[in-house]
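For the sequence shown, position 112 matches number 112 in the working numbering, and the numbering has no gaps at all.
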Amino acid sequence: MVIPEIKNFEDASQRRWGLQQLETKQFHVSSLGEAGLLYYSLDDIQPEVGYYQACQVWLYEKTNKASRQRTLMSIEEIKIDKNILITYQQVQKYFKTNYQIIKYKQIFIKVNPIRSLIADNLVKGIHWWSNFWEKLVIEDSKVYLFN
1 MVIPEIKNFE
11 DASQRRWGLQ
21 QLETKQFHVS
31 SLGEAGLLYY
41 SLDDIQPEVG
51 YYQACQVWLY
61 EKTNKASRQR
71 TLMSIEEIKI
81 DKNILITYQQ
91 VQKYFKTNYQ
101 IIKYKQIFIK
111 VNPIRSLIAD
121 NLVKGIHWWS
131 NFWEKLVIED
141 SKVYLFN
């Protein structure tokens, strides 16, 4: 769940309207940083004008598969400036999106881990390419990401 910091109600309503035009499957993310950046990704950035946005992203998880109850697992505050958003918009342009495959009584979400790694690096304030080796090779002992 993305909870934006609203500074201008007109801008917030325009952003909300733009997000409503997207399909649900366009909102699949695999990290909190990517959720925050995706929320603001439709903003039109003017090079000569300053840009700053902030939001909180809340992650809920089902503790019991049979129940509808969810537990708050994590909260992250995300601050987004012009450079971060422009870089993320380029990431959206050149890296495949996450998508879903729906079969009879089954939904499978195909995740692009590179997008979430870059998004997390951007919101942490480090270079977008930082820690790729560590994340993709060292931490991936089960070869999950490469499969």
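Backbone N, C-alpha and C define an ideal beta-carbon position, used for all residues, glycine too.
The secondary-structure analysis by DSSP pairs Val137 with nothing; it has no beta-bridge partner. Listed in chain order, the beta strand (DSSP E) elements of length 3 or more contained wholly in the region 65-95 are 70-81. The alpha-carbon separation between Ile80 and Tyr88 amounts to approximately 10 Å. For Leu117, the closest alpha carbon among the candidates Glu5, His28, Val2, Gly33 is that of Gly33. Annotation for Trp129: no residue places its beta carbon closer than 7 Å to its own, counting only its chain and skipping 5 residues before and after. Scanning its chain for C-beta atoms nearer than 8 Å, with the 5 sequence neighbours on each side dropped, one finds around Phe27 the residues Leu38, in chain order. Within the DSSP secondary-structure output, Leu117 pairs in no beta bridge.
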